[in-house]
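Engineer:
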Amino acid sequence: MHKIIGFDTETFFSRKLKYSVKTMIAEQYCKHELFDPYIISVSDGETNWAGHRRDFNWNALEGQTLISHNRYFDNSVYNEMVVRGWAPRINIAGWHCSANLTAYLCNRRALAHSIEYLYGIKLSKDPRENSDNKRWPADFSAEEQRKMLDYARLDPFWCRKIWVDHSDKWPEKEKRLSNLTIDQGMRGVQIDTRLLDEYICQSHEMKLATEKLLPWMNDEGDDEEEIGWEGFKTKPTSTKCIAEQCRRSGIPCPPVKAHEGEEAYEEWENEYRRNHPWIVSLSSWRSVNKLYKSFLTVKARLRSDGTMPFGLKYFGAHTGRWSGDAKINMQNMRKEPVLCTVGGFMESNQKNIEEAMRHKESTGKFPEWVKYALDFRALVIPRPGKKMIVSDLAQIEPRSLAWLVGDHQTLDFVRAGKSIYEAEARFSMGFKEDKLDKKSTIYAEAKARRLALGYGAGWLKFITMAHQYTGMDITEGDPEFEFLPDGSKVSGYGKRSREIVAAYREQNPLIADKEKGIWAALELAFKRSIGSDLKVVLPSGRVLRYEKVKCERKLKPDKDGKPRLSAVFTCDIGGRRFESYGGKLTENLVQAFARDVFADHILILNDTPGISVLFTSHDEAILEVDEHITKHDVENIMSVCPEWCAGLPVAAEAKEVSHYLK
DNA sequence: GCAAGATGCGCC
DNA sequence: AAAGGGCGCATCTTGC
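Per the working numbering: the first sequence ends with 643, consecutive numbering throughout.
1) Is S57 near E8, with beta carbons less than 8 Å apart?
2) Across which residues does DSSP place V170 in a beta bridge pair?
3) Beta-carbon within less than 8 Å of G556's beta-carbon, same chain only, minus the 5 sequence neighbours each way: which residues are those?
4) I need the straight-line Cα distance from W625 to S521, nearest angstrom please.
5) Alpha carbon to alpha carbon, what distance is there between L417 and E487?
6) Could you pull the DSSP bridge partners for L525 from this structure?
7) Would you list, in sequence order, the uninterrupted alpha helix (DSSP H) runs of no fewer than 4 residues that lie entirely inside the stretch 565 to 637?
8) Hey, is the stretch 322 to 341 in contact with the stretch 367 to 375, meaning 3+ C-beta pairs nearer than 8 Å?
9) Between which two residues does the beta strand (DSSP E) containing I21 stretch?
10) For Q449, count neighbouring C-beta atoms within 10 Å of its own C-beta (all shown protein chains included) and say buried if the count is 16 or more, exposed if not.
11) Does the stretch 353 to 371 touch the stretch 223 to 238, meaning 3 or more C-beta pairs lie closer than 8 Å?
12) Please work out which residues of its chain come closer than 8 Å, Cβ to Cβ, to K154, disregarding the five sequence neighbours upstream and downstream, and give them in chain order.
13) Does the beta-carbon distance from I603 to R282 come in below 8 Å?
14) From the DSSP output, read off the bridge partner residues of L374.
15) Hey, out of A425, A484, G297, R526, whose CA is closest to Q312's CA?
16) Once DSSP output is grouped into helix, strand and coil, what is the label at H77?
17) Taking one C-beta from the stretch 282 to 291 and one from the stretch 166 to 186 each time, how about it: are there three or more such pairs within less than 8 Å?
18) Pick from V578, A573, H599, E616: whose alpha carbon is nearest that of I592?
19) Can you tell me where the beta strand (DSSP E) with V145 in it begins and where it stops?
20) Per DSSP, what kind of secondary structure is N56 in: helix, strand or coil?
21) If G325 and M187 are in contact, beta carbons under 8 Å, what's the gap, nearest whole angstrom?
22) Are D577 and G301 closer than 8 Å when you measure CB to CB?
23) Alpha carbon to alpha carbon, how far is C140 from L536? Give it in angstroms, no decimals.
24) CB F276 to CB I181, shorter than 8 Å?
25) For T456, which of R228, E480, K(-1), H257 has the nearest alpha-carbon?
26) Going by C-alpha to C-alpha distance, which of I(-14), W30, F16 sits closest to S(-5)?
27) Short check: CB of D388 to CB of L546, under 8 Å?
28) Let me know if P460 comes out buried or exposed under the rule of 16 or more other beta-carbons within 10 Å of its beta-carbon.
29) Entirely within the stretch 418 to 478 and at least 4 residues each: give me those alpha helix (DSSP H) ranges in chain order.
30) Since S409 and N330 are thought to touch, with beta carbons under 8 Å apart, how far apart are those beta carbons, to the nearest angstrom?
31) If you run the structure through DSSP and keep just helix, strand and coil, what is A41?
32) Among Y0, E27, V530, K156, which has the Cα closest to the Cα of N669?
33) Closer than 8 Å by C-beta to K636: which residues in its own chain qualify, once you throw out the five before and the five after it? Chain order, please.
34) Is it right to say A573 is buried, meaning 16 or more other beta carbons lie within 10 angstroms of its own, or is it exposed?
35) Would S262 and L189 be called neighbours here (beta carbons separated by less than 8 Å)?
36) Which first and last residues belong to the beta strand (DSSP E) in which F559 is found?
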């Protein structure tokens, strides 16, 4: 008879020896000499068994469906046990991850948190905490052994119960996406190991060279003030050292990017970088160090065949997007290479970098001042005999927003093969000419408006975002002063931005109208949910949940920076409270909707013979394919409009590449 | 000595 | 009344 069996393992770990799944990925942990899975525990709902692996009847699993809370881990443990001859190969009907299920159900991954949410029962993790650095059975007293076994029996019981009680709410597609994600990570990607070794040496060199330019790291007598750095732990990015250095140099401390904004920091940097070169070195050090550490992690993770396993979290974000996991985040590998100048330092001037990239594009080589280039993405290559294709959805989020609000004018225009940014120029910016040059200011502004203003951004934010998306500085040309109707004189900074934001909102009523727009509709729904939950049903049928909505009073700085009490609306997501409002809810909705479109494509790609999905990054699929698969095949699949969002213009751009890039 | 929070850096 | 959002990891400081 077919059974659903909860399956769990308890393994030796040691914080002291830095041996745990926190410090390494599951496979590294299992390959380690300290690896010891000393308890196997299973539950079929009636019997909960726990004991040493020697005493486990593996045949009981034959033909059954297994449920583990974090299948990635338990599956890796089992695989290694087979390799070591500690477990036989068995045929199972399937193996599912209840942590992925609870992420989908209630935005929680930890078993204890999920059980508390779903059943109102608090489980103790004490026995596991007490097993830190303890060998089984020698380091456990008889009492401790009994407690540990009792504890171990509970885990598979609960993860099985979660499955039995709730898996009917998990659509078949999502179950497949969950297992697909786990399998992708376990399969891993091929790494160019020769290049990796080169990168490790080069980035280490750069790191050391950069470190020497930080005054507090190189305080050898040439300091005129002779104050020394006693009392300071001189670490490369120590905030205390930075502050002290600024004091000594008579310059203000750097503005905090998260508070004062990115451009405030840029301004500060531009003001002082000439006379204080360490300022640039500081940022460089952070970048180079990050890169260097990533290279080391890749190296430590390599298998003998040059592939590297990785982790990606199914439903890592509450919108349903995947998120990174386990030290190397496949979704945030830098796009542009780090360029090392002849002096051994990282080039940080954006203009120089762009020029170097253009030079490379046209001549195939970097200019002479580039000593070497470190490109993380170049490390990821197709396996022998395979090709690599990278494909991403074209402007999926702005298109999704247009579809969600029913902007048929824009949708028709895009379906006719035209640009969604041009739609903005024509329909809400008054552009009337025959042709819109993609290099024109109008086009750039239209693009910035579509990308930045759909979710309620204000004028100050728009200045930064416009710069980020198009490179243009829209404050250029702002008057120094403005006169208000009452005759008073105020700064003219941001005049243009204010005008653009107001015009966008005026011209896009489906989005921004204070009564009929989507921001207002979602905000109203949110406020009406006070005292209960807001459920936003997505076109795919999936539901976004904002639980326990409340109106709270919060101190916020007003225009003059003085604290003022204001009303904010908050909700519970995954056990934590967040503030939200119309624009933010709109963004969540669009992100979740676009994720569902993309997820459909991933399933079709995966079902296509000759295509393996290596990993994904929000709207981009990185594929390893057989010789006969072309980029057009991939584009065709990723241009499919799911049946639950008829009329959405979906398109993709794919390219065949020798290594991961963009 | 560890955990939590703040900050910066990377991505879509 | 106004408010872009979603992530993860490394480093450092602070508080227990």
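Backbone N, C-alpha and C fix where the C-beta goes; we use that ideal spot for every residue, glycine too.
Structural biologist: Quick answer:
1) Taking the first residue of the first sequence as position 1, residue 57 is located at position 76. Taking the first residue of the first sequence as position 1, residue 8 is located at position 27. Contact flag set, yes.
2) In the first sequence, counting from the first residue as 1, residue 170 sits at position 189. M289, per the DSSP bridge assignment.
3) Counting from 1 along the first sequence, the entry for residue 556 is found at position 575. Result list for G556: N88, R89, H94, Y98, in chain order.
4) Residue numbering aside, residue 625 sits at position 644 when the first sequence is read from its first letter. Residue numbering aside, residue 521 sits at position 540 when the first sequence is read from its first letter. Looking at the two C-alpha atoms, the distance is approximately 6 Å.
5) Taking the first sequence and counting its residues from 1, one reaches residue 487 at position 506. Taking the first sequence and counting its residues from 1, one reaches residue 417 at position 436. Their backbone Cα atoms lie some 22 Å apart in a straight line.
6) Indexing the first sequence from 1 puts residue 525 at position 544. BP columns for L525 point to V517.
7) 612 to 618
8) no
9) As a first step, residue 21 is located in the first sequence; it is residue number 40 there, counting from the start. Run containing I21: 18 to 24, per the beta strand (DSSP E) assignment.
10) Position 468 of the first sequence holds residue 449. Exposed, since its Cβ has fewer than 16 Cβ neighbours within 10 Å.
11) Counting Cβ pairs under 8 Å, fewer than three are found: no touch.
12) Residue numbering aside, residue 154 sits at position 173 when the first sequence is read from its first letter. A580, D581, L584.
13) Residue 603 sits at position 622 when you count from the first residue of the first sequence. Residue 282 sits at position 301 when you count from the first residue of the first sequence. Cβ distance not < 8 Å, so I603 and R282 don't count as in contact.
14) Counted from its first residue, the first sequence places residue 374 at position 393. Answer by DSSP bridge pairing, in chain order: A633.
15) Here residue 312 corresponds to residue number 331 of the first sequence, with the count starting at 1. The candidate whose alpha carbon is nearest that of Q312 is G297.
16) Here residue 77 corresponds to residue number 96 of the first sequence, with the count starting at 1. DSSP places H77 within a strand segment (E or B) once states are collapsed to three.
17) yes
18) The count along the first sequence starts at 1 and reaches residue 592 at position 611. For I592, the nearest C-alpha among the options comes from E616.
19) Here residue 145 refers to the residue found at position 164 when the first sequence is read from its first residue. In the DSSP assignment, V145 falls outside any beta strand (DSSP E) and lies within the alpha helix (DSSP H) extending over 123 to 147.
20) For this step, residue 56 is matched to residue 75 along the first sequence. Note: N56 maps to helix in three-state DSSP.
21) Counting from 1 along the first sequence, the entry for residue 325 is found at position 344. Counting from 1 along the first sequence, the entry for residue 187 is found at position 206. The pair is a contact, with the Cβ atoms about 6 Å apart (cut-off 8 Å).
22) Position 596 of the first sequence holds residue 577. Position 320 of the first sequence holds residue 301. G301 sits close to D577, with the two beta carbons spaced by under 8 Å.
23) Working through the first sequence from its first residue, we reach residue 536 at position 555. Working through the first sequence from its first residue, we reach residue 140 at position 159. Roughly 42 Å separates the two Cα atoms.
24) Translated into positions along the first sequence, residue 276 becomes position 295. Translated into positions along the first sequence, residue 181 becomes position 200. It is a contact, given that the beta carbons lie within the stated cut-off.
25) Numbered from 1 along the first sequence, position 475 holds the residue referred to as residue 456. The candidate whose alpha carbon is nearest that of T456 is E480.
26) For this step, residue -5 is matched to residue 14 along the first sequence. For the residues I(-14), W30, F16, the minimum Cα distance to S(-5) belongs to F16.
27) Here residue 388 refers to the residue found at position 407 of the first sequence. Here residue 546 refers to the residue found at position 565 of the first sequence. Their beta carbons are not under 8 Å apart, which means D388 does not touch L546 by this criterion.
28) Within the first sequence, numbered from 1, the residue matching residue 460 stands at position 479. Its Cβ having fewer than 16 others within 10 Å, P460 is exposed.
29) 422 to 433, 440 to 451
30) Within the first sequence, residue 409 is the residue found at index 428, counting from 1. Within the first sequence, residue 330 is the residue found at index 349, counting from 1. The Cβ separation is near 36 Å, so there is no contact.
31) Taking the first residue of the first sequence as position 1, residue 41 is located at position 60. Helix at A41.
32) Any answer about residue 669 is impossible in this case: the structure gives the chain only from -18 up to 643.
33) Along the first sequence, one-based indexing puts residue 636 at 655. Around K636: I370, V371, S372, K612.
34) Numbered from its first residue, the first sequence carries residue 573 at position 592. A573 is buried by the Cβ-count criterion.
35) Residue mapping note: residue 262 aligns to position 281 of the first sequence, counting from 1. Residue mapping note: residue 189 aligns to position 208 of the first sequence, counting from 1. No, the Cβ-Cβ distance between S262 and L189 is not below 8 Å.
36) Within the first sequence, residue 559 is the residue found at index 578, counting from 1. Run containing F559: 557 to 561, per the beta strand (DSSP E) assignment.
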